[in-house]
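So the protein lines, in turn, are chains A and B. Read in order, the letters of the first sequence are residues 1 to 99 in the numbering used here. Read in order, the letters of the second sequence are residues 100 to 198 in the numbering used here. Step one of this worksheet: look at the structure below.
Number of protein chains: 2
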Amino acid sequence: MTLAELQALIAEMYSSKDEARGIDGTFMWLMEEVGELAAALRDGTPEEQAAEFADVLAWLATIANVARIDLDRAVVEKYGTGCPGCGQMVCRCDAGEKP
Amino acid sequence: MTLAELQALIAEMYSSKDEARGIDGTFMWLMEEVGELAAALRDGTPEEQAAEFADVLAWLATIANVARIDLDRAVVEKYGTGCPGCGQMVCRCDAGEKP
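Now the structure itself:
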């Protein structure tokens with residue numbers, strides 16, 4: 001599945017609700033799912049972890065849809081030609097630095 | 100770009116650092132990027148918002164790599180046949196419910 005297909009799938013499923021909720025209301029749901037992902041990473045089975053990753057991706061896609069952001073282009077522009085910090089395909093940034 | 104390609108790109112770029120950081124250390128970076136996304140959604144340009152979405156996706160891919168979760172399969176299994184709440188491709192869950 002491409003990032004564009006993910007955004008289209010989530011738009012088909014939830015766009016009318018998403019527009020009504022807006023970004024602020026939707027962001028709260030993303031935060032709840034991020035919390036559930038943290039819990040699953042601590043104590044969950046691989047299947048439970050996978051389901052929580054899917055939920056976080058779905059809410060992230062929803063917010064991108066409402067904000068009219070193309071996730072595919074966003075990733076390609078920031079990471080497509082190398083690490084944003086050092087420009088290398090295999091990051092050589094100092095271990096203490098961000099990436 | 101597919102979700103699998105995103106995971107492979109981030110693995111190539113950061114896998115040695117990611118393994119050293121582990122899930123807990125990596126999750127802190129994800130949280131920082133989520134905060135930056137919130138700020139960009141409030142006050143940022145579309146370009147700044149896109150860059151923050153890319154960063155959140157990159158850190159989410161990193162955590163999935165460390166946890167050995169296949170994001171593509173995770174999304175297809177949870178959302179591929181319809182809304183997890185109502186089972187419909189266009190969600191009909193009550194507006195007060197989660198999705």
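All C-beta atoms in this analysis are idealised placements derived from N, C-alpha and C, irrespective of residue type, glycine included.
Min CB distance residue i to chain A below 8 Å
i	result
Asp-193/B	no
Thr-101/B	yes
Glu-135/B	no
Ala-173/B	yes
Residues near residue i in its chain [Cβ-Cβ closer than 8 Å; skip 5 each side]
i	result
Lys-78/A	Pro-84
Gln-148/B	Leu-136, Ala-139 and Leu-140
Val-34/A	Val-56
Partner residues on chain A for residue i, Cβ-Cβ distance less than 8 Å
i	result
Glu-111/B	Met-89 and Val-90
Glu-176/B	Ala-50, Ala-51 and Ala-54
CB contact check: residue i to chain B, cutoff 8 Å
i	result
Ala-8/A	no
Ala-39/A	no
Spatial neighbours of residue i in its chain, beta-carbon cut-off 6 Å, leaving aside the 5 residues before and after
i	result
Ala-11/A	Asn-65
Leu-102/B	Leu-170 and Asp-171
Residue i to residue j span [Cα, whole Å]
i	j	result
Ala-137/B	Arg-21/A	16 Å
Asp-171/B	Asp-142/B	32 Å
Glu-5/A	Cys-86/A	30 Å
Met-1/A	Met-130/B	25 Å
Val-174/B	Asp-94/A	34 Å
Glu-146/B	Arg-68/A	11 Å
Glu-52/A	Leu-60/A	12 Å
Distance cut-off 7 Å: residue i Cβ against heavy atoms of the ligand SAH
i	result
Glu-47/A	Among the components modelled here there is no ligand, and therefore nothing to report on the ligand SAH.
Span of the alpha helix (DSSP H), counted from its first residue to its last, around residue i
i	result
Ile-109/B	102-142
Gln-149/B	Note that residue 149/B is Ala in the sequence shown, not Gln. Counting along the chain, the alpha helix (DSSP H) containing Ala-149/B begins and ends at 145-166.
Ala-173/B	170-178
Neighbourhood of residue i by C-beta, 7 Å cutoff - its chain only, sequence neighbours within 5 removed
i	result
Asp-117/B	Thr-125, Thr-161, Asn-164 and Val-165
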